[in-house]
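Notes to accompany the following structure.
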Amino acid sequence: MRNSNTNNWRSTALIAGAILTAGVVTTTSTTDVHADNSQNNAQVSNGQVTYDQVRATADQQLAQLQSANDSKEAQQATANEQSNAADLAQTNAQIDQLKASHAALEQEQAGAIAQAQASTTASIEAQTSAANAEYQQQINAQQQNEATQRAANDQQYAQAVSQAAENQQAVADINAQYQQALSDAANTQTSQAQAAANNYNSAVAKENDTYQGKLSAQKATNAENIKNAEASLASVTANANKPYEVATTNDVAVTGRVAKPQTDVKVPAYVTKYGIHLEVRGYNGAIPVSDYTYPEFANTYYGEYPDSAVITNKAAESTPHDISEMPLDFQPGLLSYDAKNDHSEKVSADGLTADQVQVLRALALSWENGFRNNVFKNYREFYNVVNKNDGFVNVAPVDLVSTDFTDNIANQVVANRTKYNVDNNSHTVKDSGMPTEATYSSIINNATQNLKKNLTSEFNGKTVYTDVNENLTTMQAGTPTLLNYAINLYNSMQGMYYGELVNPTHIGGHAVNLLRAGIRTVGIGFQKLTDEMTAKNGSGVSDRKNPSYAVTFDHVGFNIDHDANLTKEVQNRNVWGTSTVDAQLNTIKTAQYHVNKVPGTKTVTPTATDVQKATASEQQKLADVKAQAQQSLDALASAHQASLNKLEQQYNDAKAQVKANYDVAVTKAASVRDAALKATGVVDLQAYKAQLDSAYQNLVKADQVAAQKLAADRDAKITNIKKAENAKLDAKINELVPSVDPQIKQLQDQHQAVIAHGDAVLAELKAENKAAYNKLAEQFNVQLAAIQRREDAKRANEVRLANNTVVLPSAVKVANDGNVDTVAFPTASNLLQADETTGRVQTVSAPSIVKTATQTPIAVAPVVTTVNHAAENTVKSNESSAPVVTQTAAVAATTNNGTQTSVASTADNKATKADNSEKSVVKADTVAKKQTPAKKSESSQKVDQSSMSIVALAATALLGTLGITYSSKKRHN
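What follows is the structure in structure tokens.
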């Protein structure tokens, strides 16, 4: 019985005693309190309860217990059925899957299996023929040995005969006749043997001819079948190889117009005369074209001319019409501007908007990265010169980024330049008339101080170099459009960067700043110039009716100990902020190149795999036809060999018969000879002949035994040959198609284990239920027996007065001598408790029998019940009271013969269904039945009328004073 969180019945006892003369009622109550348990027990004294009351309570409790047990068993059975059905379905599905896989593999390996079977058959036949031939050789050797022995015996016997009748003509004649008989027998044997050989050879020749005819016909049929199968396969293969059309969606690349920079620009003479003074050390004036290592860089410095529209040979392909046509890769060369074909947005007189600034930042960032990457890829010597001491020689740079981090730096630089009236010819430095804290380097140091501190700590022992620099150029526009500003900035950056790449020994400062591999970010600021600034000599602003800008490029980065790997690792960290120009760049990139999805069709050429799948069935058919063809040839060969074996056996039988005929003739000749010799009265040679014959017969018998063993050995050998070859065949087939029987057996065994487990659980539950039911019934039977004994004693003092029954006082003690056993009757609500740990409904434990204190023996009084209101008041209104035993229930139920039945008798049809629904009934001999009281004499029943009245009055006074006390408990959750 599981006891996990199971509630036990608690019981209390009440013994009520009444002394008729005093009218005193004594009650005793015991209480057992336990948290989380809820009992509501009726405490009934054996002295007050009747047989029928106990019987009714027993029937009720047993019926409820039986109903609960039946419910649990039904639930368990249903759960078992569902579990078994689910497991069976799963098992069958797995078995079907195994069988399907096995069948598919068998079909796939059919040809190989057939070939293996044919090979096995041929091997068995060959080895069987060899075993038969070996056996026949051994038999022939035996026969030859016997013939030799027989000839020797004959010779010895003839010598004996000759010696015995050497001089007797009769003996000579007899021997002559005997020899003639032997000669005749030998001639007959030879003739018959030749005839048998001729017949055998003829039959073999005929069988061979028949076989060759069948073989030729079968080969022709096979060839035709194979030809048809091959033709079918060729047709299917040809169809499978044909290209076919399918609907598809094609990716159509759309390439937008992108202006191409122009390197062979031509400008008016006054522009050439004006000269462009680039910041390249060693040159104080214009730089001769001949000094440039790469001539394509020479004319890019014209991009710094105040008005790029001075290009006289403008190429159409070098003239963008909108921002989307601006190149992003920054190849050497200048762009032209055509105001009539400018489709870009306007720039107000107040200057660039924030969105327009971000577009120009995106373009300028792309151009700076384009310059760095192009120089590294195609003009490596410039890049290596700049980075020769920084650890980045021949190491590609990491692209620069423009982020919220750098935008803040750029905006602060612009604000400080504006505040301190720094013009477009001055950097953001102290020499430009601003305090140290307002310079670009101070701004950058403040923004990066925490990052530098962390890097210095992280790379302790290594030098962390700060790469910080600023480039500055001027941007203006003759036409107030975003495109005109962008082209002007593009051309200006061409002169600032490519124009300063004169040769590896003369590189301008702007180009050096940008080519340094240690920088990672760039803050690009646009400072709107004042009229005062643009009016200065050397401002480079040619058209002051539209806003002009000083464009600053503040580069920031760190070089870790001149180690390229460490530096690039830091550059790739997520510490530089979030890009603010991705959207603008992506818009331009999408316009310049994107892919449209266009519906259409395409021709599909089947692959080798497609053809293989499409022709698999026909290939299998061809393999099957070839296998069947081989099987038919093997069958013919097998039948042919069987016919030859049969002819050989017939030939051997014929030879044996010829030998037997010869033996008969020889035996007869010897018999005739012996008889003739005997008739001549010559010495009796019979004993000698018998001796020779006995020796010969012993040899024959020994050979027969040996022949039997030889035959048995041959048969065993043939059996072993078949067993070994078949085992090889089985192994080959199992290798080609492994058996799934072990897996199926395992699945079936597992399913049977599931069923057995469910049956065991149900059987255990039924056994527990049956035990609980029997225990409760037995306890009620014990109680009923005690009550019966009490009532038997009481009836001995009862007297009938008219329609009343009066109990006379008596000094006789109650049958149990005052030690009354009481039983607590469990309420219906507490019959069952849920087992929280297992999910099973557990039966309640049997009622507890409580022994009360011994009380003074009392005379039996009429049973009258009342309710104890004091105890009742302690019960909460939401709790049910224990059942009240009423006065009318105090009448004992009796059978026709005056006896009362036990609980087990009435519970007969309610027994638990454990053990194949057998009823658990208390045995009849364990039930104490109420005995009919002995009949009293009439004289003893006569009572004085006055005495009877006194007794009646006493009984009346007792009514209402006797009762049953109830106790209840509250459950605390």
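Residue numbers are given in this note's numbering: position 929 of the sequence shown equals residue 938, and the series is strictly consecutive.
Backbone N, C-alpha and C define an ideal beta-carbon position, used for all residues, glycine too.
Only a predicted model underlies this, so the values are computations on that prediction, with no experimental measurement involved.
query	result
Same chain, Cβ closer than 6 Å to GLN752, neighbours up to 5 away in sequence not counted	LEU107
Bridge partners - LEU481, DSSP secondary structure assignment	THR561
Given 8 Å, three or more beta-carbon pairs between the stretch 193-201 and the stretch 662-674	yes
Burial state of GLY442, where buried means 16 or more other Cβ atoms lie within 10 Å	exposed
Same chain, Cβ closer than 8 Å to VAL473, neighbours up to 5 away in sequence not counted	LYS461, LEU464, THR465, PHE567, ASN568, ILE569 and ASP570
Run of the beta strand (DSSP E) containing GLU254, from where it starts to where it stops	253-264
Inter-residue spacing [alpha-carbon to alpha-carbon] between ALA765 and ALA65	40 Å
Boundaries of the beta strand (DSSP E) in which HIS519 is found, first to last residue	It is not in any beta strand (DSSP E) - HIS519 instead sits in the alpha helix (DSSP H) that spans 518-524.
Span of the alpha helix (DSSP H) around GLY379	363-387
Proximal residues to LEU719 (C-beta, below 8 Å), its chain only, five neighbours per side dropped	TYR144, GLN147 and ILE148
Inter-residue spacing [alpha-carbon to alpha-carbon] between GLU134 and LYS655	13 Å
GLN91 burial status per 10 Å Cβ neighbour count (16 or more: buried)	exposed
N- and C-terminal bounds of the alpha helix (DSSP H) containing ARG529	Counting along the chain, ARG529 falls outside any alpha helix (DSSP H), though it belongs to the beta strand (DSSP E) covering 528-537.
Assigned secondary structure, ASN162 (DSSP; H/G/I helix, E/B strand, else coil)	helix
Which residues DSSP lists as bridging THR514, in chain order	Per DSSP, none; premise fails for THR514.
Uninterrupted beta strand (DSSP E) stretches inside the stretch 440-504 (no shorter than 3 residues)	473-484
Residue span of the beta strand (DSSP E) that contains LYS718, given as start and end	Segment 695-745 is the alpha helix (DSSP H) holding LYS718; no beta strand (DSSP E) there.
Inter-stretch contact (C-beta, 8 Å, three-pair minimum) for the stretch 559-566 and the stretch 480-491	yes
Option in GLY518, THR448, ASN293 and PHE339 with minimal Cα separation from GLY379	PHE339
SER588 (DSSP reduced to helix, strand or coil)	strand
Buried or exposed (CB count within 10 angstroms, at least 16 for buried), PRO297	exposed
Where the beta strand (DSSP E) through ASN237 begins and ends	Segment 178-249 is the alpha helix (DSSP H) holding ASN237; no beta strand (DSSP E) there.
Cα-Cα separation between ASP552 and ASP416, rounded to whole angstroms	28 Å
Cutoff 7 Å; reference ALA716; Cβ partners in own chain excluding five residues on either side	ILE148 and GLN151
Whether GLU377 touches LEU409 by CB criterion (8 Å)	yes
Of the listed residues ALA243, VAL431, ASN293 and ASN322, nearest to VAL274 (C-alpha basis)	ASN322
Beta-ladder partner(s) of GLN271, from DSSP	LEU343
Pair within 8 Å by beta-carbon distance, ASN512 and TYR292	no
Cross-strand partners of TYR602 (DSSP beta bridge)	THR264
Residue from LEU372, THR59, VAL63 and LEU71 with nearest C-alpha to LYS779	LEU71
Integer Cβ distance of PHE391 from VAL384, believed to fall under 8 Å	5 Å
For SER435, the three-state DSSP class (helix, strand or coil)	coil
CB contact flag (SER557, GLN458, <8 Å)	no
Backbone CA spacing between GLY534 and ASN500 [nearest angstrom]	18 Å
Candidates THR475, PHE468, THR596 and ARG389, of which the one nearest LEU524 by Cα	ARG389
Contact under 8 Å by Cβ, SER353 with THR258	no
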